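Using our numbering, read the sequence shown as starting at 88 and increasing by one per residue. From the three backbone atoms N, C-alpha and C, an ideal C-beta is built for every residue, glycine too. Please read all numbers here as calculations on a predicted model, not as lab measurements. Reviewing the structure listed below.
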Amino acid sequence: MAKIKSAKVIVCSPGRNFVTLKIMTDEGVYGLGDATLNGREKAVSSYLEEHVIPCLIGRDPSQIEDIWQYLYKGAYWRRGPVTMSAIAAVDMALWDIKGKMLNTPVYNLLGGKSRDKIMVYAHANGKDLSDTVEEVGRHLEMGYKAVRAQSGIPGIDKTYGVPKDKGRYEPAEKGLPKEDQWSTEKYLNYLPTLFKTLRDEFGDEPHLLHDCHHRLTPIEAGRLGKEVEPYHLFWLEDCTPAELQESFKLIRQHTTTPLAVGEVFNSIWDMQELISSQLIDYIRTSIVRGGGISHMKKIANFAEIYHVRTGFHGATDLSPVTMASALHFDLSINNFGIQEHMPHHEITEEVFSRSYTFEDGFMYPGDAPGLGVDINEDEAAKYPYERAYLPVNRKEDGTMFNW
Ligand code: CS2
Ligand code: MG
């Protein structure tokens, strides 16, 4: 029986901050897990170093479920993003180890391929209407079959999804939190025009998505969903903050626009009502936020019963280790919907090597044993952690609001 010999946390900032767990066995095989929690990275690294790693030494790395339950039930304090990201990192690393030891890609351990390729959606971020139309067109030309459109809103200075100076969009900024501005009225008046223009320009075929980023009340979300129905969105994401799960009943009464929720959720208990009452169409919780592959299997299987499909979060603040885990998982389950794909910075790719690939709008996890991702620790050491936070958001009169 192999044993966990040691484990370490690697915090680095190649283009942005990442927290990576590396678990070593006494047989020389190691596994990687992602523990990155945007803006709260050090909380997870210290949770792992101080409280989790000491409990792992000497355990059998093949007992993935038992170790998961030990860390979840054994902490007594359940759920929450810090705990669940730490457990997720251990879980990913153990699936990686198991795949390497059995010399097979992780998707094979999860039941094998359920499809040939994974449809991904890209981000088109524009400062205004014409810029956004151009960005959507650029991504369609790159082969993407599905594109999420975000746009600057007339009359609002700085908001979610709009890059500074035409660069790539990366919401976390160095230093303490910057401030964005918000007006629901201006947003709601503008958004239907954006999607009408996109359909007029690109026709019916491309899948179009949009992220409201938790900014509407249920009745406002109902209005937006209804007004964009003629443009048949693939989904409307996070239209309201979702702590109040039953509020989605109100949204559902008003619109047939498909709804996606869950990138900030951590466990099956956060979405139980949303799924079992069929209030959403896509669940977005990623492998790193949702306690790893082991817990996400339960979530995906539960969702399948209620016709809810997956659409995992895949922004750049999820490391290549989470992206690889997601792709193996996506390939294996029946109720896969779509996968978010926001390509990492070139510098990130110097630190993490990967076997997953993109081609013509689809992704493939590759056939390397385990997850197929590695970290170059010497390269990582060149990019030490830099404090960075997501912005905060205020209404025009100064009221603190959801970002
Ligand atoms: C977003 C993210 O990709 C998405 O759907 O909501 O950009 C999100 O804002 C970041 O991951 C936050 O860290
Ligand atoms: Mg989102």
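- Under the three-state reduction of DSSP, residue 225 is assigned to helix.
- Of all alpha-carbon atoms in 333, 164, 267, 142, the one lying nearest the alpha-carbon of residue 154 is that of 142.
- Under the criterion of beta carbons closer than 8 Å, residue 241 and residue 265 do not qualify as touching, at roughly 21 Å.
- Collapsing the DSSP output to three states places residue 142 in a helix.
- According to DSSP, residue pairing for residue 481 in a beta bridge involves 268, 487.
- In the three-state reduction of the DSSP assignment, residue 235 falls in the strand class, which pools E and B.
- Under the DSSP assignment, residue 451 falls in the beta strand (DSSP E) whose first and last residues are 449-451.
- If you look at residue 445, you'll find it in the beta strand (DSSP E) that goes 444-446.
- Under the DSSP definition of a beta bridge, residue 332 lacks any partner.
- For residue 184, the enclosing alpha helix (DSSP H) covers residues 168-189.
- Relative to the non-hydrogen atoms of the ligand MG, the Cβ of residue 324 comes within a distance shorter than 6 Å of at least one.
- The closest heavy atom of the ligand CS2 lies less than 6 Å from the beta carbon of residue 404.
- In this model, residue 246 and residue 354 are separated by some 29 Å (Cα to Cα).
- Apart from the 5 residues on each side of it in sequence, residue 224 sits with its Cβ closer than 8 Å to the Cβ of 288, 289 in its chain, given in chain order.
- Non-local C-beta neighbours of residue 277 in its own chain, meaning closer than 7 Å and more than five positions away in sequence, comprise 240, 241, ordered along the chain.
- With a 10 Å radius around the Cβ and a threshold of 16 neighbouring Cβ atoms, residue 134 comes out buried.
- Per the coordinates, the alpha-carbon of residue 438 lies some 5 Å from the alpha-carbon of residue 466.
- Take the alpha-carbon of residue 279 and the one of residue 297: they are about 11 Å apart.
- The stretch 241-295 is shown to contain whole beta strand (DSSP E) runs of 3 or more residues at 266-269, in chain order.
- DSSP places residue 210 in the strand class (E or B) of the three-state scheme.
- Excluding residues up to 5 positions away in sequence, 97 lie with their Cβ nearer than 7 Å to the Cβ of residue 464 in the same chain.
- Looking at the backbone, the Cα of residue 401 and that of residue 175 are separated by about 15 Å.
- In this model, residue 293 and residue 315 are separated by some 15 Å (Cα to Cα).
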